[in-house]
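Q: Numbering (my numbering), first residue to last: 65 to 491. Quick reminder that beta carbons are idealized off the backbone N, C-alpha and C, glycines included. Bear in mind the structure is a predicted one, so any value in this text is a computation, not a measurement. The structure that follows is given in the form of structure tokens.
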């Protein structure tokens with residue numbers, strides 16, 4: 065909090081670029097370690113402290129995060145209630161304390177989130193060191209000003225095994241409002257959740273620039289670049305879907321987590337089924353990944369996925385590989401192939417990678433845990449789709465239609481072989 069804005073930016077820049085700066089930030093220094101042996105003796109003096117470590121800057125950061133979380137929950141009334149027969153009378157001192165708390169939160173929270181995000185995204189080791197802050201940061205998601213920064217941090221944490229397990233354990237103990245908020249973001253179609261942050265304002269400014277003097281072609285190019293820059297950021301829904309899917313993977317061995325998530329099962333599965341659409345460039349692959357991990361949580365979730373997601377998964381895969389009908393996304397996919405691999409769709413940066421492999425993985429998991437759905441999948445034409453993808457040239461053509469995809473033809477063909485084998489043994 066004592067850092068100036070200039071010093072804070074310099075700190076972020078140093079932590080982001082220099083590994084030694086991150087190590088120095090997280091390292092604890094040993095205090096004075098006086099000799100604990102008595103003179104001329106082999107006996108130890110147990111009255112002295114053997115070693116005392118000074119807290120690291122990361123320890124101080126987590127302490128600030130803890131205080132911020134407590135102050136925020138206190139301001140929201142999430143405290144131990146007084147007895148019904150006791151009334152609390154506020155005073156001028158309370159107002160001063162509230163003003164001080166508001167000032168602390170306004171200044172410290174964005175900085176804490178920024179530093180934690182840099183550390184958690186740098187390496188598995190530094191992400192694991194920040195894991196104790198999960199319980200302090202997650203409650204801040206209920207604040208609209210900090211929500212997106214918290215979601216970005218939760219997403220980073222969910223991608224690493226140690227911090228993801230910490231998230232699953234915390235969510236199992238305290239599902240409300242933590243799990244509930246993530247599920248609500250996934251299920252809601254509001255523009256705040258679907259659009260990237262600040263995109264609406266960016267689009268409005270671009271419209272005004274086009275309506276005025278745009279400066280010719282250079283102006284148009286500038287407007288187009290600004291719009292694409294806005295689309296390159298992940299939306300709240302994208303971050304929430306990915307984080308939930310990763311937490312499900314980490315929490316598959318935690319009964320308390322599965323029990324608490326089961327209360328949101330129908331709402332979550334229904335929301336994911338709606339996002340399994342081939343033209344949903346940004347969410348289809350992420351939703352398929354979440355469904356894939358959701359199937360690991362037991363028969364309760366598998367039954368809901370079979371009921372609501374079986375057909376959407378097959379339809380999305382068919383259109384993803386360009387075999388849909390005229391009313392589907394297949395014509396768009398075919399046009400993209402004809403234009404070549406040098407073109408990317410707006411809103412399809414690294415966050416919108418190919419969905420075919422993830423869709424196949426979800427279907428393989430579904431066949432593994434719900435063998436009875438094999439015949440339904442065959443009736444929907446999944447066997448024909450899988451056989452066609454076993455051809456390397458066909459897989460290569462499908463991958464070429466998604467120049468921003470991280471999929472490879474070899475990976476797609478391999479997963480298609482697995483899918484067909486699973487279908488033939490289950491049908």
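At the level of alpha carbons, what is the spacing between residue 323 and residue 125?
A: Approximately 33 Å between the Cα atoms of the pair.
Q: Along the chain, where does the alpha helix (DSSP H) that runs through residue 471 open and close?
A: Unbroken run through residue 471: none, as it is neither H nor E.
Q: Residue range of the alpha helix (DSSP H) that residue 454 falls in?
A: Looking at the DSSP string, residue 454 is not in any alpha helix (DSSP H), and its letter there is neither H nor E.
Q: Just to confirm my understanding: we take residue 340, look at its own chain, exclude 5 residues before and 5 after, and list those with CB closer than 7 Å. What are they?
A: In its chain, beyond the 5 residues on either side, 348, 351, 352, 373, 376, 377, 380 have a beta carbon closer than 7 Å to the beta carbon of residue 340.
Q: From 234, 273, 303, pick the residue whose C-alpha is nearest to that of residue 247; which is it?
A: Looking at the Cα atoms, 303 is the closest of the given residues.
Q: Counting C-beta neighbours from all protein chains within 10 Å, is the total for residue 195 16 or more, i.e. buried, or is it exposed?
A: buried
Q: Drop a sphere of 10 angstroms on the beta-carbon of residue 184, count the other beta-carbons inside from all chains shown, and report buried for 16 or more, exposed for fewer.
A: buried
Q: DSSP on residue 498, reduced to helix/strand/coil?
A: The displayed coordinates of the chain run from 65 to 491. Any statement about residue 498 would go beyond what the structure contains.
Q: Among 464, 489, 385, which residue has its Cα nearest to the Cα of residue 452?
A: 385
Q: Quick check: the Cα distance between residue 490 and residue 420, rounded to an integer number of angstroms?
A: 21 Å
Q: On the criterion of 16 or more Cβ atoms from any shown chain inside 10 Å, does residue 364 qualify as buried, or is it exposed?
A: exposed
Q: On the criterion of 16 or more Cβ atoms from any shown chain inside 10 Å, does residue 383 qualify as buried, or is it exposed?
A: By the neighbour-count rule (16 or more Cβ atoms within 10 Å), residue 383 is buried.
Q: For the region 473-488 and the region 438-455, state whether three or more C-beta atom pairs, one from each stretch, are separated by less than 8 Å.
A: Segment contact: the region 473-488 against the region 438-455, three or more CB-CB distances shorter than 8 Å; contact assigned.
Q: Go ahead and label residue 425 buried or exposed: buried means 16 or more other beta carbons lie within 10 angstroms of its beta carbon, across all protein chains shown.
A: buried
Q: Find the nearest neighbour of residue 165 within the set 342, 140, 464, judged by alpha-carbon distance.
A: The shortest Cα separation from residue 165 among 342, 140, 464 belongs to 140.
Q: Would you give the residue range spanned by the alpha helix (DSSP H) that residue 70 belongs to?
A: 69-81
Q: Between the alpha carbons of residue 387 and residue 462, how many angstroms are there, rounded?
A: 10 Å
Q: Over the uninterrupted alpha helix (DSSP H) stretch that includes residue 356, give me the two end residues.
A: 348-358
Q: Just how far apart, CA to CA, sit residue 217 and residue 359?
A: Residue 217 and residue 359 have their alpha carbons spaced roughly 25 Å apart.
Q: Among the residues of its own chain, which have a CB less than 6 Å from the CB of residue 402, if the five just before and after it don't count?
A: Note that residue 402 scores a pLDDT of 49, beneath 50, so its modelled location is shaky; the value from the coordinates is reported in the next line. Cβ neighbours of residue 402 beyond the five flanking positions: none.
Q: Below 8 Å, can you find three or more Cβ-Cβ pairs linking the region 209-228 to the region 313-333?
A: yes
Q: Check the C-beta distance from residue 192 over to residue 224 and give it rounded, since I have them as a contact under 8 Å.
A: 7 Å
Q: When you compare only the Cα positions, how much space is there between residue 80 and residue 187?
A: 11 Å
Q: Measuring straight from C-alpha to C-alpha, what distance separates residue 412 and residue 345?
A: In this prediction, residue 412 scores a pLDDT of 45, lower than 50, which makes its location untrustworthy; no coordinate-derived value is stated.
Q: Taking Cβ positions, are residue 328 and residue 273 nearer each other than 8 Å?
A: no
Q: Taking all protein chains shown into account, decide if residue 204 is buried (16 or more other Cβ within 10 angstroms of its Cβ) or exposed.
A: buried
Q: Identify every run of the beta strand (DSSP E) within the region 282-342, keeping only runs that are complete inside it and at least 3 residues long; order them along the chain.
A: none
Q: Where residue 208 and residue 299 are concerned, what is the direct C-alpha to C-alpha distance, given to the nearest angstrom?
A: 14 Å
Q: What separation, rounded to the nearest whole angstrom, lies between the Cα atoms of residue 549 and residue 135?
A: Within the shown structure, residues of the chain are numbered from 65 to 491, placing residue 549 beyond reach of any answer.
Q: May I ask you to report which of helix, strand or coil DSSP gives residue 93?
A: strand
Q: Hey, out of 366, 307, 320, whose CA is closest to residue 330's CA?
A: 366
Q: Please name the residue or residues paired with residue 118 in a DSSP beta bridge.
A: 93
Q: In or out: residue 167 buried (at least 16 other Cβ within 10 Å) or exposed?
A: exposed
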